Amino acid sequence: MSTYDKLLDVQRVTAVFHIGSIIGGTRLVAVNDVSFSLDRTRPEIFTLAGESGSGKTTLARLLLHDLEPTSGAVIFEGRDLATIKSRKDTLEFMKKVQPVFQNPFETFSPLRRVEDYLYDTAINFGRAKNRRMASVVVDEALHLVGLSLEEVTRRYPHELSGGQLQRVSVARALIPQPRLLLADEPVSMVDASLRMAIVNLFRKLRDEQQVSVIYITHDLATAYYISDRIAIMLRGLVVESGPVNEVLDRPLHPYTQVLKESVPEPVPEQRAQWIRPIDLGTTEVKEYARIGCKFAGRCPRVMDICRQTNPPDIHVEGRIVKCYLYQGQESS
Amino acid sequence: MALLSVQNLRAYYRTEVYGISRIVRAVDGVSLELQRNEIYGLAGESSCGKTTLIKVISGTIKPPLRVEEGKVHYQFGSFEIDMLHISPEDLRRNVRWKEISYIMQGSMSVLNPVRRVITTFYDIVTTHQGYTDRKAFLGQVRAHISKLGLPPDVLNLYPHQLSGGMRQRVAIALATIFQPSLIIADEPTTALDVVVQRGVLQMLKEIQAESNNTVLLVTHDLAVHANVADRVAIMYAGRIVEEAPTSLIFNAPRHPYTQHLIRSLPMIGDRSSRASLPGAPPNLANPPGGCRFHPRCPHVMDICRVEVPEMMTLPGNQRVACHLLAEGRR
Chain V
1 MSTYDKLLDV
11 QRVTAVFHIG
21 SIIGGTRLVA
31 VNDVSFSLDR
41 TRPEIFTLAG
51 ESGSGKTTLA
61 RLLLHDLEPT
71 SGAVIFEGRD
81 LATIKSRKDT
91 LEFMKKVQPV
101 FQNPFETFSP
111 LRRVEDYLYD
121 TAINFGRAKN
131 RRMASVVVDE
141 ALHLVGLSLE
151 EVTRRYPHEL
161 SGGQLQRVSV
171 ARALIPQPRL
181 LLADEPVSMV
191 DASLRMAIVN
201 LFRKLRDEQQ
211 VSVIYITHDL
221 ATAYYISDRI
231 AIMLRGLVVE
241 SGPVNEVLDR
251 PLHPYTQVLK
261 ESVPEPVPEQ
271 RAQWIRPIDL
281 GTTEVKEYAR
291 IGCKFAGRCP
301 RVMDICRQTN
311 PPDIHVEGRI
321 VKCYLYQGQE
331 SS
Chain L
1001 MALLSVQNLR
1011 AYYRTEVYGI
1021 SRIVRAVDGV
1031 SLELQRNEIY
1041 GLAGESSCGK
1051 TTLIKVISGT
1061 IKPPLRVEEG
1071 KVHYQFGSFE
1081 IDMLHISPED
1091 LRRNVRWKEI
1101 SYIMQGSMSV
1111 LNPVRRVITT
1121 FYDIVTTHQG
1131 YTDRKAFLGQ
1141 VRAHISKLGL
1151 PPDVLNLYPH
1161 QLSGGMRQRV
1171 AIALATIFQP
1181 SLIIADEPTT
1191 ALDVVVQRGV
1201 LQMLKEIQAE
1211 SNNTVLLVTH
1221 DLAVHANVAD
1231 RVAIMYAGRI
1241 VEEAPTSLIF
1251 NAPRHPYTQH
1261 LIRSLPMIGD
1271 RSSRASLPGA
1281 PPNLANPPGG
1291 CRFHPRCPHV
1301 MDICRVEVPE
1311 MMTLPGNQRV
1321 ACHLLAEGRR
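The listed protein sequences derive, respectively, from chains V and L.
Okay, so the first sequence: first residue is 1 according to the working numbering, each after it adds one.
Okay, so the second sequence: first residue is 1001 according to the working numbering, each after it adds one.
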C-alpha cells in the first residue's frame, strides 16, 4: 500500500521537550516512536487512550501541525506536514483536519455570540462569501449535530448548556467539511445525561458523513462504545494497539490489564474485584526516564530483560504489543 | 439515632445587583439521614446543588448563601449540635477536623505550597486542639501515615514534589488524623487517573472500615458509587429524587431520571446503543414548576407540571419522589 492510500500516516514520530536550563535540564520524550495510519476510503474512529502524562495531547498537537516532531513524519493525504509552510497550504490543511477541544466554555469567548464563530469559520474557509450565504452553511452544520440556527442565534456561551455548547463546537469543526476530526477529551467536561449525545454524534458522523475521528480520552468505557481501533499510550509509547474489542476484551499488555481492571464498572456486585489493592508506582518523571520497559517498575510479571532494553513491537493475536511476555508467539 | 439528620432544608443564594434581585434555589427541600458506619454516596450533575448541600452540612454558610428553612442536626458520641445555630468559635474548637472533616477535589489548595507537609499537620493541631506536646504529635502523625501505607518521608517534602494521587492521599491522611465521626469527600478523585483513583478510594474505604465512621462521598461518577457506597442518593435540580441501597439504585431504579442515568452508562464489553435525554438540566434561578424533571421526563403527566412529588418510602429502604409511584403505574 502506498502512502497515498492513507488518509493519515504517522511514521515513527518522536517529540522531545527539554525541561529546565540548557545546561542542567533533562530531556523528556513526550511522544516516543509512535506509528499508526488511518485508511483513506473507510472512515473510522481511532482512540488514543492513556492516563495524564502519557503524551496524548502532545501527539494531538503533532497531528494538528501545531508542533514539529523531533524525528519522524506525519503524512496527511500523501503530504508531509513539515512541507506545509505557506498560509494557503496551512488553510488547505486546516480545512481537512479540525479540532474539538475539551472544555466548550473555554473554546468560546464569553463576550462573543457563539453564532459569530460559526459565520467566521464559514467565511474564512471559503464556504461562503458573506454572512447571508453563510447562514445556509451554518444551519446545515448545526442540523448535523441536532441543533438549529434558531436555537443558537443571539446566544452567548453562558446561555447554552455544556452539552449544547460542545455540539456547537463540533458543528463549527464540521463547517469546512473536514476529512478528520481530532477530539481531545470532548466529553470529560460534559454532564452524564448529555454525554452520550456527543458520543453518539461521533458515531453518526463516521457512518453518515464519512468523517474519521481521532478520539483522545482517558475514559475506556466510552472508547469501547464508539471506536473501531484503539492505541493505549504509556509515557509517550504506544504499548498496545489493535481493534478495540480485541484489546479491551482481552488485554495482553500488563499495563492495559491494570488500566482495564481499574475502570470502575457500574455493577455493585463486582466491587470485590475492584477493591483489591494495587501498586501505585513512582512519580511521572522517573517513569519517563526509565531504561527498558516504562512499566517495569509496576509490572506484576516483570522479567530481567524488561529492565535492560525497550521491548520491540510484537504482532500477536491481531494487535501490536510492546511486551517481552509475547516474544516467540508472533503471528505472521 | 442517626449521626446527621437533615430535614426539609432550603438554602438559596440571594443576590441583588443594581436593584435586580435574583434567587437561586440551589437546595430546595432536601431531607436525608446519615447513619453511623456507612458510606453514603451523593450523585448528580453539575449545578444540581451538591456543593451547596455540603456547605450547609459542614457549616460554611456565607452570604449570598442563606438557609431559608429546615434543620441540620448532628448527634455525635457525647454531644449534639444544631449546625444552623452553632457559634463559629465552638465550631472551630470542637467540631471541625475532630468530628467533621472535609476532603476536596484539589488537594493542592489544602496543603500550603511553600511549606513542608508536616507544617500543615502542625497548623491543624494548633488551630483545632490547642498546642500540646509537639514530639508526641509527630509520633502520632508518623504512626497514622504509615498505617495508611504512605512512605514516611512525604512529611518532609513540599506539596509540588508529590504526584497528584500522593497529594490526595496526604489530604485524606490530614482529614482523618483525629478520627472524625463524619468525613465529607467532595469529588475526591475527579482529577485523578483511573489507576490512582482506585488506589485513593481503596484507602478511603479501608479507613472507614477500620474506624467505623461515616463517609459522605460526593461525585458525579456513578461507577465510583457502584464500587464504594453503601447507599446512594441521586440529586436533580436542588432536590433528591431517589435514595436507596446501592444495589437497588443500580438494579431496580424507580425514578425516570435515575433509570436514564443508569441505562446510559457505557461499559467495556457492551457496545449496544445508549440513548441520551433531550434537553438540559434547568437553571435554578428559574426552575420549572412541579417536578423539576418534568420537561425532560419520558413519562410526564399533567400532575407533574403543577405539583411537587412527595418523597415516598418503598420496601427495601428505597425513597423515590415521583408521581408515577402514587399513580401506581409502575
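Virtual Cβ for every residue (Gly too), placed ideally from N, Cα, C.
Remember, it's a predicted structure, so these values are computed and weren't measured experimentally.
- With a beta-carbon spacing of about 7 Å, V/Ser-241 and V/Arg-229 fall inside the 8 Å limit used to define contacts.
- Residue-level contact by beta carbon fails for L/Arg-1022 and chain V, as no gap is shorter than 8 Å.
- At a C-beta separation below 7 Å, L/Val-1224 has these neighbours in chain V: Pro-264.
- Between V/Pro-43 and V/Arg-206, the CB-CB gap stays under 8 Å.
- Against chain V, the CB of L/Pro-1266 has a partner CB under 8 Å away; the residue lies at that interface.
- Around the C-beta of V/Pro-69, 16 or more other C-beta atoms lie within 10 Å, and the residue is accordingly described as buried.
- Among the CB atoms of chain V, none fall inside 8 Å of the CB of L/Phe-1293.
- With a threshold of 8 Å between beta carbons, V/Asp-249 makes contact with chain L.
- Secondary structure within the region 1219–1287 of chain L: the beta strand (DSSP E) runs of 3 or more consecutive residues, fully enclosed, are 1231–1236 and 1239–1245 (chain order).
- Using a C-beta cut-off of 8 Å, the region 1257–1269 of chain L makes no contact with the region 1193–1211 of chain L, since fewer than three inter-stretch Cβ pairs fall below that distance.
- L/Val-1030 is a Cβ neighbour of L/Leu-1053, given a cutoff of 8 Å.
- Not flagged as an interface residue toward chain V: L/Val-1017, since no C-beta distance is shorter than 8 Å.
- In chain order, His-1128, Phe-1178 and Pro-1180 place their CB closer than 7 Å to the CB of L/Lys-1098, counting only its own chain and leaving out the 5 sequence neighbours on each side.
- Around the beta carbon of V/Val-136, fewer than 16 other beta carbons lie within 10 angstroms, which makes this residue exposed.
- Under DSSP, the beta-bridge partners assigned to L/Arg-1022 are L/Thr-1015.
- Beta-carbon to beta-carbon, V/Tyr-119 and V/Ala-141 are separated by about 11 Å, too far to satisfy the 8 Å threshold.
- By the Cβ rule, the region 1074–1081 of chain L does not count as touching the region 1260–1276 of chain L, because fewer than three pairs are nearer than 8 Å.
- Listed along chain L, no residue sits closer than 9 Å to V/Gln-166 by beta-carbon distance, the nearest being about 11 Å off.
- For L/Val-1218, no Cβ of chain V is located within less than 8 Å of the residue's own Cβ.
- In the DSSP annotation of this structure, the continuous segment of the beta strand (DSSP E) that includes V/Phe-17 starts and ends at 6–19.
- According to the DSSP assignment, V/Gly-162 belongs to the alpha helix (DSSP H) that extends over 162–174.
- Listed along chain L are Ala-1226, Asn-1227, Val-1228 and Thr-1246, each with a C-beta nearer than 9 Å to that of V/Arg-271.
- Burial of V/Ala-122 is indicated by the presence of at least 16 other C-beta atoms within 10 angstroms of its C-beta.
- By alpha-carbon distance to L/Ala-1002, the top candidate from L/Met-1203, L/Leu-1034 and L/Gly-1059 is L/Leu-1034.
- In the pairwise beta carbon analysis, the region 1219–1230 of chain L is classified as touching the region 1238–1251 of chain L: at least three pairs are separated by under 8 Å.
- For L/His-1323, the closest alpha carbon among the candidates L/Pro-1315, L/Val-1300 and L/Asn-1317 is that of L/Val-1300.
- Counted as a single uninterrupted DSSP element, the stretch harbouring V/Ser-262 is not any beta strand (DSSP E) but the alpha helix (DSSP H) occupying residues 254–262.
- Separation of the CB atoms of L/His-1073 and L/Ser-1005 is rounded to 5 Å, and the pair is thereby assigned contact status at 8 Å.
- V/Asn-103 and V/Leu-7 have their C-alpha atoms some 27 Å from each other.
- Around the Cβ of V/Leu-111, a 10 Å sphere holds fewer than 16 other Cβ atoms; the residue is exposed.
- Annotation note: the region 90–136 of chain V contains the following uninterrupted beta strand (DSSP E) runs of length 3 or greater, listed N- to C-terminal: 97–100.
- In this structure V/Ile-305 is exposed. Its beta-carbon is surrounded by fewer than 16 other beta-carbon atoms within 10 angstroms.
- The criterion of a C-beta distance shorter than 8 Å is satisfied by L/Asn-1008 and L/Glu-1069.
- Within the region 1277–1293 of chain L, the residues whose Cβ lies closer than 8 Å to some Cβ of chain V are Leu-1277, Ala-1280 and Pro-1281, listed in chain order.
- DSSP links V/Pro-243 through a beta bridge to V/Arg-229.
- Beyond the five residues adjoining it in sequence on each side, V/Asp-39 comes within less than 7 Å, by CB distance, of Lys-6 and Leu-7 in the same chain, given in chain order.
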